Amino acid sequence: MRNFIIRRILTLIPLYLGITVITFLIIHLAPGKPTELETQMKPGMAMARQRMEKIYGLDKPLYEQYWLWFKKMIVFDFGNSFKDHQPVLEKIRDTLPNTILLNLASLFLIYLIAVPIGILSAVKQYSLFDKISTVFVFIGMAVPGFWLALLLILMFSVKLSWLPISGMHSLFYQFQNLSFLGKLLDIFKHAILPVTVLSLSGLAWLSRYTRSGMLEIIRQDYITTARAKGLSERQVIFKHALRNALLPIVTILGLSLPGLISGSVIIETIFAWPGMGRLAYQAVLARDYPVIMGASVFSVFLLLFGNLIADILYAIVDPRIKYE
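Residue 306 is where the sequence shown starts when you use my numbering, and the numbers rise one by one after that.
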C-alpha cells in the first residue's frame, strides 16, 4: 500500500503541472485584461496601461509569465492580487476553510441520507417507498441549484424570517460577545440553506447509485446462499451485500469533492458565503490572474487528493484488491 501511494503521488505531479498550464493559458487567452478594466473608463490612459502591464509582467510572452509564476508557486508564493494588492495566499487562507466547511457538511449530509434511502429502496423494490423516493430523486436531479436557492431564500428568509439571507455570520457577530456555542449556532443557522441546496443534487444521484449497486448485489448467488444458511435479513444486507455495494459509492466519494467545489461557486455567490468559490468568481470578473491561479491550484489539489483517497478506500472496503 505504501509503495502504491508513493507511485500515485509521483504520477499526480505531471498531471498537476499539466492542469496548471492549461488553466494558465485559458485565463490569459480569455478576452480582456486587468489593466483594460482599470483604465477603460479613463481616456488618455494608454501610457499608464503600458506601465501597469510592465509592473504586472503582462508584457512578457505567456511561457515566460508561466515560468515566473511557477517558480513562485513552488515556494507557495502566489503573488499579490491585481485588485487590492493583498497576498493571494492570505486571501485563500481566509476563504478556503469556509469552503471546506460548507462542502464537508454537504458531503456528510449526502451520505447520511442517500445511502440509507438507496439501501431501503433496493430491499423494498417497487414498494410505495421506492416509488416515492424515485419521484423525489428525479425532482432533485432536475431542479437547478440557483433556482432552488432563490426559492428557499424567499420562503425561509424573506417570508418566514426563520433563517438569515446571506453571509456566514450575523451583522454584529464580532460585537455580540457570544459564547463558543453561540458562535457555532450562528454559523449553523447561516449554513443551513447553502448546505441544503448544495446537497440536494448529490443526494439524488448517490441514492440512485446505491440502489442500483444493492439491486445487483442482492441478486447474486452468495446472497441466496447466505439466506439459505438461516442468516437474518439484517445480516445478509449489512454484512454481505452492503460491503460489496460500497465500491461504486467509494468511487463517487473521490469524484464528489470537485463537483461540490465547482457547485459551491454558484451557491457561495448567491448566499454571499465568504468561501473560495466566491473569491474565484469575483477574481474572474476582475481578471485577477494571481487569485484565479491560486484558487485553481487548491481546487486541483482537492480533486487529486479526493481521487487518491478513493483508491485507498478501495482496499479497505474490498480486501481482494491488492496494490502491490
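Ideal placement from N, C-alpha and C gives every residue a C-beta, glycine not left out. Predicted model, so just to flag it, every value in this text is computed and none were measured.
Touching by the beta-carbon criterion (3+ pairs, under 8 Å), the region 586-596 and the region 388-398: Touching, yes, given that three or more Cβ pairs across the two stretches are closer than 8 Å.
What whole-angstrom Cβ distance do Ile572 and Gly450 have, given they're in contact under 8 Å? Here residue 572 is taken as the residue at index 267 of the sequence shown, counted from 1. Here residue 450 is taken as the residue at index 145 of the sequence shown, counted from 1. Contact flag correct, Cβ pair sits at about 6 Å.
Taking the straight line between their C-alpha atoms, what separation do you get for Ala533 and Ser506? Sequence index remark: in the sequence shown, residue 533 carries index 228 (1-based). Sequence index remark: in the sequence shown, residue 506 carries index 201 (1-based). Using only the alpha carbons, I get a separation of about 39 Å.
Which runs of the alpha helix (DSSP H) fall wholly inside the region 446-531 and span at least 4 residues, in chain order? You should have 450-457 and 485-522.
In angstroms with no decimal places, state the Cα-to-Cα distance between Trp452 and Leu414. For this step, residue 452 is matched to residue 147 along the sequence shown. For this step, residue 414 is matched to residue 109 along the sequence shown. Each residue's CA atom was taken as its position, placing Trp452 and Leu414 some 21 Å apart.
Bridge-paired residues (DSSP) for Asn385: The sequence position of residue 385 within the sequence shown is 80, counting from 1. Its beta-bridge partners are Pro392.
Given that a residue counts as buried once 16 or more other Cβ atoms are within 10 Å of its Cβ, and exposed if not, what is Ala335? In the sequence shown, counting from the first residue as 1, residue 335 sits at position 30. With fewer than 16 Cβ atoms within 10 Å of its Cβ, Ala335 is classed as exposed.
In three-state DSSP terms, what is Trp578? Position 273 of the sequence shown, counted from the first residue, corresponds to residue 578. In the structure shown, Trp578 sits in coil (DSSP, three-state: anything other than H, G, I, E or B).
State the Cα-Cα distance for the pair Lys544 and Lys429, rounded to the nearest angstrom. Counted from its first residue, the sequence shown places residue 544 at position 239. Counted from its first residue, the sequence shown places residue 429 at position 124. Using only the alpha carbons, I get a separation of about 18 Å.
Would DSSP call Phe423 helix, strand or coil? Here residue 423 is taken as the residue at index 118 of the sequence shown, counted from 1. What sits at residue 423 in the sequence shown is Gly, not Phe. Collapsing the DSSP output to three states places Gly423 in a helix.
Presumed contact (8 Å Cβ cut-off) between Leu584 and Thr325, rounded CB distance: If you number the sequence shown from 1, residue 584 lands on position 279. If you number the sequence shown from 1, residue 325 lands on position 20. In this structure Leu584 is not in contact with Thr325, their Cβ atoms being roughly 18 Å apart against a cut-off of 8 Å.
Alpha carbon of Ser466 to alpha carbon of Leu490, nearest angstrom: Here residue 466 refers to the residue found at position 161 when the sequence shown is read from its first residue. Here residue 490 refers to the residue found at position 185 when the sequence shown is read from its first residue. Distance between the alpha carbons of Ser466 and Leu490 is about 16 Å.
Select from Ala447, Phe329 and Pro402 the residue whose C-alpha is nearest the C-alpha of Met378. The residue given as residue 378 occupies position 73 in the sequence shown. When Ala447, Phe329 and Pro402 are compared, the shortest CA-CA separation from Met378 is found for Phe329.
What is the DSSP secondary structure of Arg299, reduced to helix, strand or coil? Lying before the first or after the last residue shown, residue 299 is absent from the chain, which here runs from 306 to 629.
The region 535-554 / the region 508-527 touching (three or more Cβ pairs under 8 Å): At 8 Å Cβ cutoff, the stretches touch.
Just to confirm before moving on: does the CB-CB distance between Pro499 and Phe603 stay below 8 Å? Counting from one through the sequence shown, the residue named residue 499 turns up at place 194. Counting from one through the sequence shown, the residue named residue 603 turns up at place 298. No. Outside cutoff.
Quick check: what's the CA-CA separation for Tyr594 versus Ile418? Taking the sequence shown and counting its residues from 1, one reaches residue 594 at position 289. Taking the sequence shown and counting its residues from 1, one reaches residue 418 at position 113. Tyr594 and Ile418 have their alpha carbons spaced roughly 39 Å apart.
Would you call Trp578 buried or exposed, if buried means 16 or more other Cβ atoms sit within 10 Å of its Cβ? By 1-based counting over the sequence shown, the position of residue 578 is 273. Under this definition Trp578 is a buried residue.
Are the CB atoms of Leu468 and Ile492 nearer to each other than 8 Å? On the sequence shown, position 163 is the one that residue 468 refers to. On the sequence shown, position 187 is the one that residue 492 refers to. With respect to Ile492, Leu468 sits apart: the two C-beta atoms are not nearer than 8 Å.
Go to Pro319, then tell me how far its alpha helix (DSSP H) extends in each direction, as first and last residue. On the sequence shown, residue 319 is found 14 positions in, with the first residue counted as 1. Following the DSSP letters along the chain, one finds Pro319 inside the alpha helix (DSSP H) bounded by residues Arg307 to Leu334.
Among Leu503, Thr515 and Met460, nearest to Gly582 - alpha-carbon criterion: Here residue 582 refers to the residue found at position 277 when the sequence shown is read from its first residue. Of the candidates Leu503, Thr515 and Met460, the one whose C-alpha sits nearest the C-alpha of Gly582 is Leu503.
Return yes when the Cβ of Ile437 is within less than 8 Å of the Cβ of Ser512, no when it is not. By one-based count along the sequence shown, residue 512 stands at place 207. By one-based count along the sequence shown, residue 437 stands at place 132. Against a cut-off of 8 Å, the Cβ pair of Ile437 and Ser512 comes out as no contact.
Using three-state DSSP, classify Leu363 as helix, strand or coil. Position 58 of the sequence shown, counted from the start, is the residue given in the question as residue 363. Leu363 falls in the coil class under three-state DSSP.
Compute the distance between the beta-carbons of Leu407 and Gly535, then report whether it is under 8 Å. Counted from its first residue, the sequence shown places residue 407 at position 102. Counted from its first residue, the sequence shown places residue 535 at position 230. For Leu407 and Gly535, no; Cβs fall outside 8 Å.
Is it buried or exposed for His390, if we count other Cβ within 10 angstroms and need 16 for buried? In the sequence shown, the residue the question calls residue 390 occupies position 85. So His390 ends up on the exposed side.
Would you grab the beta carbon distance between Phe387 and Pro319 for me? Rounded to a whole angstrom, and I think it's under 8 Å. Working through the sequence shown from its first residue, we reach residue 387 at position 82. Working through the sequence shown from its first residue, we reach residue 319 at position 14. Not confirmed; about 29 Å, so no contact.
Where Leu288 falls: helix, strand or coil (DSSP): Look at the range of the chain in this structure, 306 to 629, and you will see that residue 288 is not part of it.
When you compare each of Arg356, Leu315, Met473 and Ile424 to Glu538 by their alpha carbons, which one comes out closest? What you label residue 538 is simply residue 233 of the sequence shown in a count that begins at 1. When only C-alpha atoms are compared, the closest one is Ile424.
Quick one: grab the DSSP three-state call for Gly535. To locate residue 535, count along the sequence shown from 1; it is residue 230. Assignment of Gly535 by DSSP, reduced to helix, strand and coil, places it in the coil class.
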